[in-house]
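Asks: Going by my numbering, the letters in the sequence shown line up with residues 185 to 686, in that order.
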Amino acid sequence: MAHPTDDIVSAMQSPSAEDREVIRRAYDFAEVAHGSELRKSGEPYIVHPHAIALYLAEIGMDQDTIVAGILHDTTEDTDTSPEEIEKQFGPTVRFLVDSVTKLSKLKYRGLERHVESLRQLLVATASDIRVIIIKMADRLHNMRTIRYVTPREKRERIARETMEIYVPIAERLGMGNIKAELEDLAFAVLEPKRYEELTRLIEERKKDFSHRIDGDIKDLKKALAENGMRTFRTEYRVKGVHSFARKALKKYDNDIANVYDLFALRVVLKTTEDCYRALGIIHGLWRPIPGKVKDYIAFPKPNGYRSIHTTVITRRGVTIELQIRTGVMHRDAQYGVASHFNYKQERKRGGGSTIEWIQNLLPSLKKTASEDGTSAPQWLKDLSKAEQEHPEYSTFKDILNKDFFAERIFAFTPRGDVIDLPQDATPIDFAYCIHSDLGDTMTGAKVNGKLVAYETKLRNGDVVEIITKEGAKPNKKWLDVAKTVGAKTHIRSALRKRDGLQ
Ligand code: MN
């Protein structure tokens, strides 16, 4: 018999009979719980959890996540108790619903709340990545239906929160699709006139562009096919309205007429090898613009993004960026951390960095429990102490701005392990990133075989060797040299120990 959840189940990758049964049960449960409650749009409330569950199924999430998506508003908006959810759907679903509910209670009020919300989101994310994925899906549907929200001030508050909190996190988690959509939805609320003006301009350009690029795409397909690469597809994508606006502002003095890289041509191939071969074929076909080749396959972005980028001028005179990637990389670029969720698949691929880096950012998260039920990890306690003692260093904002969202560089140990650091990081940061003992006993550093000063800024690809001496101690000056919050925290604690303060 047909059921409203049929679309959700068929969107799953390989749904079992049990998936179908549990998802139906969750939906019926939520429908009863929400009763006659309506959305601002006038529709029955269940439309909202349904949309979220469908999205979660589409991006490949598991049964527990989908069920938690269906139930995510029941404990907050209805009489349903967390115990009841656990009884019916198990402890994992209860945990996910509880965590999402806790996040919903945070109301956004200016910068301080902003930082606090981010902090809590990250803590929740580190304890189970599925929490933030459900929260993202929730926010996406709320933004898609934001036109029904009144008054305007409330719409703007939600849009601003989306722009300042959810967009950067989606970006950092590599969730390219959701990031682009959230960003444009929020932009349309915050700057409606500019949004409309840009949308019109993009439409005009698109007409002109598709007209000119079609012949070039044929040339490209032919060249690839002649080289035996038959399993590929090409698609072009239009930059989001907001990212277009940002680029215009940053590079062209806000003169949108000058922004020509509105379009990118994606070439999706079977294997990594094919990608490099295709790059060679493309550069043989069209003239590449020097300095524009970026190999994010050999050096993925910190959010896990992989692709080769190159900008070329085609035979018909179109300047266009090409993004060359495999099917798996393409999926990752769209869904980011969510596409890594499938652990079985993950193990096959041997990846997992996206989740790993969150764990690295929040090292002692899992070891501590806390006052209010949310985990209050040791690093947070250390931080708040450090914030009080040294307001000039180590605020949570530093972590976010310097370590979390900043551009990253990748340096190597002499054994070839990759160390992922924020830009401007020094050998001191490198040492502490590997181990606090290594940092504490450091007496010098070699970069690419040459002795360097501690202040040296590391560059992508540097091989860094740390020289140590047993019993050596950090110097107070290091605090000014280190860039990462992690290094500063360790140095400060080593100094306190040295001075007998601890
Ligand atoms: Mn909701």
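Where a beta carbon is used, it is the ideal one built from N, C-alpha and C, also for glycine.
Measuring only the C-alpha atoms, how far is Ala615 from Pro598?
Replies: If I take the Cα positions, the gap works out to 12 Å.
Asks: Hey, how far is the Cα of Ser283 from the Cα of Ser194?
Replies: Taking the straight line from one Cα to the other gives about 27 Å.
Asks: With the cut-off set at 7 Å, would you say Ala321 and Tyr239 are in Cβ contact?
Replies: Contact: yes.
Asks: Which residue from Glu221, Gly488, Lys338 puts its Cα closest to that of Ala354?
Replies: The residue with the shortest Cα to Cα distance from Ala354 is Gly488.
Asks: Nearest-angstrom Cα distance between Pro611 and Ile318?
Replies: If you take the alpha carbons of Pro611 and Ile318, they lie about 39 Å apart.
Asks: For the stretch 186 to 232, which segments carrying the alpha helix (DSSP H) assignment without a break, of at least 4 residues, lie completely within its bounds, in sequence order?
Replies: List check, alpha helix (DSSP H) in window: 190 to 195, 201 to 218.
Asks: Could you spell out where the alpha helix (DSSP H) holding Lys338 opens and where it closes?
Replies: 336 to 345 is the extent of the alpha helix (DSSP H) around Lys338.
Asks: Within the continuous beta strand (DSSP E) that includes Gly628, where are the two ends?
Replies: That run of the beta strand (DSSP E) goes 626 to 631.
Asks: Heavy atom of the ligand MN less than 6 Å from the Cβ of Asp261, yes or no?
Replies: No.
Asks: Between the C-alpha atoms of Leu635 and Val647, what's the straight-line distance to the nearest angstrom?
Replies: If you take the alpha carbons of Leu635 and Val647, they lie about 12 Å apart.
Asks: For Tyr616, does the three-state DSSP call read helix, strand or coil?
Replies: Correct three-state label for Tyr616: helix.
Asks: Residue range of the alpha helix (DSSP H) that Gln518 falls in?
Replies: Gln518 -> alpha helix (DSSP H) spans 511 to 519.
Asks: Kindly give me the distance between the Cβ atoms of Ile593 and Arg643, rounded to whole angstroms, as I take these residues to be in contact under 8 Å.
Replies: Sure, about 6 Å apart at Cβ, within 8 Å.
Asks: Less than 6 Å between C-beta atoms, sequence neighbours within five positions excluded: which residues of the same chain meet that for Ala678?
Replies: Correct list, in chain order: Asp624, Pro658.
Asks: In terms of alpha-carbon separation, which member of Ala637, Ala462, Ile243, Leu369 lies closest to Gln507?
Replies: Of the listed residues, the one whose Cα sits closest to Gln507 is Ala462.
Asks: Should the stretch 659 to 677 be regarded as contacting the stretch 618 to 633, the criterion being three or more beta carbon pairs within less than 8 Å?
Replies: The stretch 659 to 677, when compared against the stretch 618 to 633, does touch it at the 8 Å Cβ threshold.
Asks: Judging by CA-CA distance, which residue of Gln247, Met347, Ile397 is the nearest neighbour of Ala448?
Replies: Cα-wise, what sits closest to Ala448 is Ile397.
Asks: Let me make sure I understand the geometry here. Which of Pro376, Glu375, Val512, Asp190 has the alpha-carbon closest to that of Tyr211?
Replies: Answer by Cα proximity: Asp190.
Asks: Please find out if some non-hydrogen atom of the ligand MN comes closer than 6 Å to the beta-carbon of Arg257.
Replies: According to the sequence displayed, residue 257 carries Asp and not Arg. True, at least one ligand heavy atom lies under 6 Å from that Cβ.
Asks: Roughly how far, in whole angstroms, is the beta-carbon of Ala517 from the beta-carbon of Gly424, given that I think they are within contact range, below 8 Å?
Replies: With 8 Å as the limit, Ala517 and Gly424 do not qualify as a contact, their Cβ atoms being about 14 Å apart.
Asks: With distances taken between CB atoms, is the gap from Ala214 to Thr258 smaller than 7 Å?
Replies: Yes, these two residues count as a Cβ contact at 7 Å.
Asks: Where Ala241 and Ile313 are concerned, what is the direct C-alpha to C-alpha distance, given to the nearest angstrom?
Replies: Distance between the alpha carbons of Ala241 and Ile313 is about 16 Å.
Asks: Do you know offhand how far Gln272's Cα is from Val315's?
Replies: Answer to the nearest angstrom: the Cα atoms are 19 Å apart.
Asks: Taking 6 Å as the line, does the beta carbon of Asp392 fall inside it for any heavy atom of the ligand MN?
Replies: Because no heavy atom of the ligand MN lies under 6 Å away, the Cβ of Asp392 does not count as near it: no.
Asks: On the DSSP bridge list, what partners appear for Val333?
Replies: Val333 pairs with nothing; no bridge assigned.
Asks: Can you find the residues in the same chain that come closer than 7 Å, C-beta to C-beta, to Ile192, ignoring five residues on each side of it along the sequence?
Replies: Only Ile207, Ala237, Leu238, Ala241, Ile250 meet the Cβ criterion.
Asks: Between which residues of its own chain and Lys390 is the CB-CB distance below 7 Å, once the five residues before and five after are set aside?
Replies: Answer for Lys390: Val422, listed in chain order.
Asks: Residues in the same chain with beta-carbon distance under 8 Å from Thr262, minus the five sequence neighbours each way, listed in chain order, please.
Replies: Answer for Thr262: Ala217, His218, Gly219, Glu221, listed in chain order.
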